[in-house]
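**Student:** In this text, residue positions in the sequence shown follow the working numbering: the first is 0, and each later residue adds one.
All C-beta atoms in this analysis are idealised placements derived from N, C-alpha and C, irrespective of residue type, glycine included.
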Amino acid sequence: MFEMKNIQGEEKDMTLLAYQVFLAVVEQESFQKAAQVLNLTPSAISHAVASMEAELGSALFIRSKQGVYLTNYGKELFPYIKNVQNSEEYLQQAVAQIGGMEKGVVRIGTFNSACVEWMPSLLRGFEKDYPNIRIDIYQGSYDDVYQWLKDGIVDLGFLSSTSAGDLPCTPIYQDKIICVAPQGFKTENEGYITIEELKKQRFVTQREGCDADVNHVMNKYDLPGGGGSYIADDMSAVSLVMGGFGVCLMPELVIRNIPFPVDVIPLEVEEKRTIVLAYVRSDVLAPAVQKMQSYILESFQKKAEEEQ
């Protein structure tokens, strides 16, 4: 470890390091943890933050027993400082590419079922071709991934088309919406369930930010809500269905990886969610990110051709 005051270099380098400190404190919500991540001493972190606050003339962080959090002023600066860090990373990757090396960091945001179903094989294949490019995975809800993209926390994000908002994106997969019911559930027609039947059922529902597409389908057909159950994760929802608490609608991709004894029933009407690969602006993607973006799109194109 070393004190920042002992670092020799140009003023620009000090500024970039100060920005790294700022972002590490935001992410870790702790000066101590930020120091460990950056291999600095805690006093170096405190000194860097104090210097930034003195230069800017305003506090950046609120210190409390629960952690360290951004002030409103710090929140306003955050996206700009994040952009500076990203630009530095893009520059380093461009220099490496010009020198004949493929290196860098790609940060990918993903929701749960995409992470479980696709990320292992995508990462294995990509790392085989580009061993010097590091991949960081951020898992969360649709809302999380959308905000991470907006804030520059991630470079690429898996989202549904209904949750991508104003972000540019490319469709990669059509995922059917199905009904998950307790084992032995009887439908009026063999092999599918009608909307009228669904309207008579009690539903286990997920919070809108967790499954906006299913909520869209339920609103479209005026299906009943969850009656007090607003679940944040897929496994819990299916567990409640297995226990006889109700039925739920889910994308087919979700249920593939949940090993619970439940019945999966197609809907009478075909409803799908469109999964997309989203980004902020394609013209400012770093070289390593462009490689990963192309790899993902080509992988899904190949998958679609094989399934035809």
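1) Taking its Cβ as the centre, do 16 or more other Cβ atoms sit within 10 Å of Asp135, making it buried, or is it exposed?
2) Can you name the residues that DSSP bridges to Leu248?
3) Secondary structure at Ile152, three-state DSSP: helix, strand or coil?
4) Do Leu248 and Val213 have their C-beta atoms closer together than 8 Å?
5) With distance defined between alpha-carbon atoms, name the residue in Lys290, Tyr294 and Val283 nearest to Val83.
6) Please name the residue in Val246, Pro250, Leu59 and Ala211 whose C-alpha comes closest to that of Lys175.
7) Ordered along the chain, which non-local residues of its own chain (more than five positions away) have a Cβ less than 7 Å from that of Val261?
8) Where does Tyr278 sit, in a helix, a strand or coil, going by DSSP?
9) Whole angstroms are fine: how far does the CA of Gln65 sit from the CA of Leu22?
10) What number of angstroms, rounded off, separates the C-alpha of Asn85 from the C-alpha of Glu305?
11) By the 10 Å Cβ neighbour count, where 16 or more other Cβ atoms means buried, how is Lys290 classified, buried or exposed?
12) Roughly how many angstroms separate the alpha carbons of Thr109 and Tyr137, rounded to a whole number?
13) If Ile254 and Ile177 are in contact, beta carbons under 8 Å, what's the gap, nearest whole angstrom?
14) Where Phe244 and Leu266 are concerned, what is the direct C-alpha to C-alpha distance, given to the nearest angstrom?
15) Measuring alpha carbon to alpha carbon, tell me which residue in Asn111, Val153 and Met118 is nearest Val104.
16) On the CB-based measure, 16 or more other CB atoms within 10 Å of its CB, does Thr204 come out buried or exposed?
17) Where does the unbroken alpha helix (DSSP H) through Gly124 begin, and where does it stop?
18) Quick check: the Cα distance between Leu59 and His46, rounded to an integer number of angstroms?
19) Can you tell which of Ala53, Gly73, Val115 and Thr186 has the C-alpha that lies nearest to the C-alpha of Ile61?
20) In the DSSP assignment, find the alpha helix (DSSP H) that holds Leu197 and state where it starts and stops.
21) What three-state label does DSSP hand Gly139 in the structure shown?
22) Going by DSSP, what residue range makes up the beta strand (DSSP E) through Ser235?
23) Mind checking who Thr40 pairs with in its DSSP beta bridge?
**Tutor:** From the atom records:
1) Asp135 is classed as exposed because its beta carbon has fewer than 16 other beta carbons within 10 Å across all chains shown.
2) According to DSSP, Leu248 bridges with Cys178.
3) Coil at Ile152, not helix or strand.
4) Less than 8 Å separates the beta-carbon of Leu248 from that of Val213.
5) Selected option, being the one with the closest Cα: Val283.
6) Of Val246, Pro250, Leu59 and Ala211, the smallest CA-CA separation from Lys175 is found for Pro250.
7) The residues are Val179, Ala180, Pro181, Gln182, Val237, Val240 and Met241.
8) Reduced to three states, the DSSP call for Tyr278 is coil.
9) So the two alpha carbons sit approximately 18 Å from each other.
10) Across the structure, Asn85 and Glu305 are spaced so that their CA atoms are roughly 37 Å apart.
11) Counting every other CB atom within 10 Å of its CB across the protein chains shown gives Lys290 a total of 16 or more, marking it as buried.
12) For Thr109 and Tyr137, the distance between alpha carbons rounds to 6 Å.
13) Contact holds; Cβ gap of about 7 Å.
14) Inter-residue distance for Phe244 and Leu266 is about 20 Å (C-alpha atoms, whole angstroms).
15) Minimum Cα distance to Val104 is reached at Val153.
16) Its Cβ being crowded by 16 or more others within 10 Å, Thr204 is buried.
17) Gly124 -> alpha helix (DSSP H) spans Asn111 to Asp128.
18) About 13 Å.
19) Closest option to Ile61, Cα to Cα, is Gly73.
20) Segment Ile194 to Leu197, the alpha helix (DSSP H) holding Leu197.
21) Three-state DSSP puts Gly139 in coil, outside helix and strand.
22) Premise fails: Ser235 lies in the alpha helix (DSSP H), Asp233 to Met241, not in any beta strand (DSSP E).
23) Bridge partners of Thr40: none, in fact.
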